[in-house]
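The structure under discussion appears below in the form of structure tokens.
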Amino acid sequence: MSTEREHAAYDFAYVQEKWLPIWDKLEPFKSGRADDARPKKYVLDMFPYPSGDLHMGHAEAYALGDVIARYWIQKGFNVMHPIGWDAFGLPAENAAIKRNEDPRIWTYENIATQKASMRRYACSFDWDRVFNTCDPEYYKWNQWLFTKLHDRGLAYRKDSAVNWCPGCQTVLANEQVVAGLCERCDSAVTKKKLNQWYFKITDYADRLLDDMSELEGKWPEKVLLMQRNWIGRSQGANVNFVIEGRTEPVTIYTTRPDTLYGATFMVVAADSALAAELAAGTPVESEFTSYLEKIKAASDIDRLATDRPKSGVDLKRFAINPVNGEKLPIWASDYVLADYGTGAIMAVPAHDQRDLDFAKAMGLPVRVVVETGEEDPNETGVATTGDGKLINSGALNGLTKVDAIAAINKQLEADGLGKSARNYRLRDWLVSRQRYWGTPIPIVHCDKCGEVAVPDSELPLLLPDAKGLDLKPKGQSPLAAATEWVNTKCPKCAGPAMRDTDTMDTFVDSSWYYLRYPSSTNATEPFNRADVDTWLPVDQYVGGVTHAILHLLYSRFFTKVLYDMKMLSFAEPFTRLLNQGMVVMDGSAMSKSRGNLVRLSDELENHGVDAIRLSMVFSGPPEDDVDWSDVSPSGSVKFLSRAWRLSGDVTSAPGVDFSTGDISLRKATHKALHDAGFAVESFRFNVAVARVMELVNATRKAIDSGCGAADPAVREATEATAIMLSLVAPFTAEEMWERLGHKPAIATAGWPAVDPALLVDDEVEAVIQINGKIKDRMSVSPTISDADFEAAALALPSIIAELNGATPKKVIARAPKLVNIVL
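Taking our numbering, I'd label the letters of the sequence shown as residues 851 to 1673.
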């Protein structure tokens, strides 16, 4: 039953080299076999970007996803666990510019490097389903989906002030601006007026919010909260304000129409068309223009910050408050956003902190209209936001907030001055990018026919050869210089037309890729409906919380659109979600500049794949950050060696009747299997590893203290150890399995059935305290009575000695866990 080198020391390099080619031949993770009758489960890791070799973050993320996939395979499921590469985007293009080469070269070289490392890392991927988003066979369907959204009015162009990154020389979606900086290059983001393509995600705002009820308890609450806040649905009213000297009234959205009587001025977004109109031809036009230039560099997040000093320009224009006829001065300021509501607000400084700060800075009046019992904002400088009864509000006086909102909305509608309304923080998804390395937008522009989608028969619309193009960012797409590619014929009238020269945001690529894996080689459709109905939605998704808003929200949007197109039978793509933390060093993110960079390749060379995987999984709950300085891969090597040695010590034959073995070790085995399975299913992988470690210790103790290596319970415990270890240390587990006399692959051996009778404890360990301090422990029956428990504790020699003849004042017995003797 033992194999060659059975007496040699544990050698991780040897077992890695030995088993990889065998697994390649056996293909234990192939999920497309037609005769496979096992129930199906889809486990998916967020796919990587090919920017160099795998790093420590990859090591954690893919170890966690692999534990889940391998566990469900052991539990008897046909698991699809695919991998691919999210391969378009700025890093490849910037690297190509630096090297003066085609970005395809850099991208595909890195994919090859990462793929080799993934295989070395022994992830349970189905390698028959691999694709890259930069493959024309994939981005053809990006373009096909774009045209379908265009047909439905969900893809459109408009002129607007967009986030502009001067470093990357491209526009960014709001979600790609972090603290006012480009998430890619950290350049300060500015605003720029451009005509751009958008996806109308706002049409789905209510469904994106309401359908989160399906995800409660299955997704991290933190992620659901972030999405709710980003969508930012609020209920209020649209109120019409007449502007002196302007024919059309201005409609203002407010969540608190009950406070209309407290409005003392109006603020319009300085970068809105309304502000420019109101300032035009006035004495303050020059001042306004200077102010507008000054605020261009501020991000939306900065502008909305409550602690930011308020600034603005008095436009010397007035609005009429529709409920009391008061003239309200109109100011232009950057703390109001042009794309929120109508880009104008009624300012109620007594009950909104930003309005109050602005009023104080500009010397504007503050009027309290809700009596909350708090101190006067005029005195404290703190706005009162609590509920209360209306004052200084005409017919609304004495009403509560809820009743006042209902009353004022009814009055506004009756007078034709407004109506109840909803508003959202969410903005439409800006998908245009002025860069080369992305999916070309499949639209041609014809003077006669307007915007015309490229016909399906002409897809994919391939990127032109990068050779001869200057890819350096310059404010417009490098594709504009590919004149032979740009100049084309209109698909409708055959007249002269021009191709759109922007490429798509790479988040389009990842917004539907999970649908492609079941049909990864399908050349006639983006995915086959029968394949998708078989495998989707994804049972378990694993990835970083950094994608909580962008990728996950966009994926949910795409799924709902495809559901409406009758292409899917479900409206949520990911049933369960697990977020992992970051891998840091000495409390800081790893980087060359900090001098704390740890190379995964070095760690694998020094300690082996299994030790790194085990260390990542055992370091703590998956959602917590892993500080590599606190991790001991050398300790993992020692543990794996101890487990491996057990497989060489077993002398009973495979198939022996376990029921004749030592009962205490059998109990330890079944408890470990039970607890480890529960821990994996509840994402407490470190607890599962701890149970395996405890079982290894118990098995070694049994062998060395009389049970003997021939006892069937020792084989049962060692086989269970190998199967549980296969989730985190597949090389070591496979070698153990072979040494135990079994054929590969252990990955499909099956999770041993747990005998419930063996989970019942014959004895439990009880703690004996005197005055709350632990003095001894003893083993007792789990069904012992309090009286017998107390008597047994008082009879212990150690306790008799401690009491030294003293009579206890009180004895508290809590069978079967605790006795506390009070003197």
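Every residue, glycine too, gets a C-beta built ideally from N, C-alpha and C.
Quick caveat, the model's predicted, so the values are computed rather than measured.
query = What three-state label does DSSP hand residue 1415 in the structure shown?
reply = coil
message = So within the region 903-974, which uninterrupted alpha helix (DSSP H) runs reach at least 4 residues, ignoring any that extend past its ends?
response = 906-924, 940-949 and 953-970
Rounded distance between the beta-carbons of residue 1086 and residue 1107, thought under 8 Å = 6 Å
query = What does a CB cutoff of less than 7 Å around residue 1566 pick up in its chain, not counting 5 residues either side in sequence?
reply = 1508, 1511, 1516 and 1519
key: Residue range of the unbroken alpha helix (DSSP H) whose run includes residue 1258   = 1251-1265
key: Whole runs of the beta strand (DSSP E) within the region 1055-1115, excluding any shorter than 3 residues   = 1084-1093 and 1100-1104
query = Looking at the structure shown, is residue 1020 part of a helix, part of a strand, or coil, going by DSSP?
reply = strand
request  = With DSSP collapsed to three states, give me the class of residue 986.
outcome  = helix
key: Cα-Cα separation, residue 1398 to residue 884   = 36 Å
request  = Taking 8 Å as the cut-off, decide whether the C-beta atoms of residue 1332 and residue 953 are in contact.
outcome  = no
task = Between the Cα of residue 1305 and those of 1322, 1344 and 1264, spot the shortest distance and give me the residue it belongs to.
result = 1344
message = Given this structure, state the Cα-to-Cα distance separating residue 1059 from residue 1079, to the nearest angstrom.
response = 10 Å
inquiry  = Would residue 864 and residue 1494 be called neighbours here (beta carbons separated by less than 8 Å)?
reply    = no
ask   = For the alpha helix (DSSP H) that contains residue 1463, what are its first and last residues?
value = 1459-1468
Range covered by the beta strand (DSSP E) that runs through residue 1586 = From DSSP, residue 1586 is part of no beta strand (DSSP E) but of the alpha helix (DSSP H) over 1580-1589.
task = Excluding the 5 residues preceding and the 5 following residue 1716 in the sequence, name in chain order all residues of the same chain whose CB lies nearer than 7 Å to its CB.
result = This structure does not reach residue 1716, given that the chain is present from 851 up to 1673, and the question cannot be answered.
Nearest-angstrom Cα separation, counted from residue 1134 out to residue 1113 = 23 Å
ask   = Out of curiosity, what's the CA-to-CA distance linking residue 1563 and residue 1527?
value = 20 Å
request  = Spatial neighbours of residue 1054 within its chain, please: CB distance less than 6 Å, with the 5 preceding and 5 following residues excluded, ordered by chain position.
outcome  = 1407 and 1410
request  = Buried or exposed for residue 1588, please, with buried defined as at least 16 other CB atoms from any protein chain shown within 10 angstroms of its CB.
outcome  = buried
task = In angstroms with no decimal places, state the Cα-to-Cα distance between residue 988 and residue 1358.
result = 12 Å
query = Taking contact to mean at least 3 C-beta pairs separated by less than 8 Å, is the region 1586-1605 in contact with the region 871-881?
reply = yes
Unbroken beta strand (DSSP E) run spanning residue 1668, endpoints = 1668-1672
As assigned by DSSP and simplified to three states, the class of residue 1244 = helix
ask   = To the nearest angstrom, how far is it from the Cα of residue 857 to the Cα of residue 1498?
value = Residue placement at residue 857 cannot be trusted, given a pLDDT of 44 that sits under 50; what the coordinates show is reported in the next sentence. For residue 857 and residue 1498, the distance between alpha carbons rounds to 8 Å.
ask   = Is the region 1420-1435 in contact with the region 1467-1479, if contact means three or more CB pairs nearer than 8 Å?
value = yes
request  = Out of 1621, 1650 and 1450, state which residue places its alpha-carbon closest to the alpha-carbon of residue 1660.
outcome  = 1621
ask   = CB residue 955 to CB residue 937, shorter than 8 Å?
value = no
ask   = Straight-line CA distance for residue 1506 to residue 1558?
value = 15 Å
Inter-residue spacing [alpha-carbon to alpha-carbon] between residue 998 and residue 973 = 36 Å
inquiry  = Which residue marks the beginning of the alpha helix (DSSP H) containing residue 1574, and which one marks its end?
reply    = 1562-1575
Close beta carbons around residue 1033, own chain, < 8 Å, minus the five adjacent residues each side = 1022, 1026 and 1027
request  = Determine the extent of the alpha helix (DSSP H) in which residue 1333 is found, giving its start and end residues.
outcome  = 1333-1336
Residue from 1074, 1050 and 1049 whose Cα sits closest to the Cα of residue 1061 = 1074
query = Since residue 866 is in the alpha helix (DSSP H), which residue starts that stretch and which ends it?
reply = 862-876
query = Exposed or buried, what is residue 1268 when buried is set at 16 or more other beta-carbons lying within 10 Å of its beta-carbon?
reply = buried
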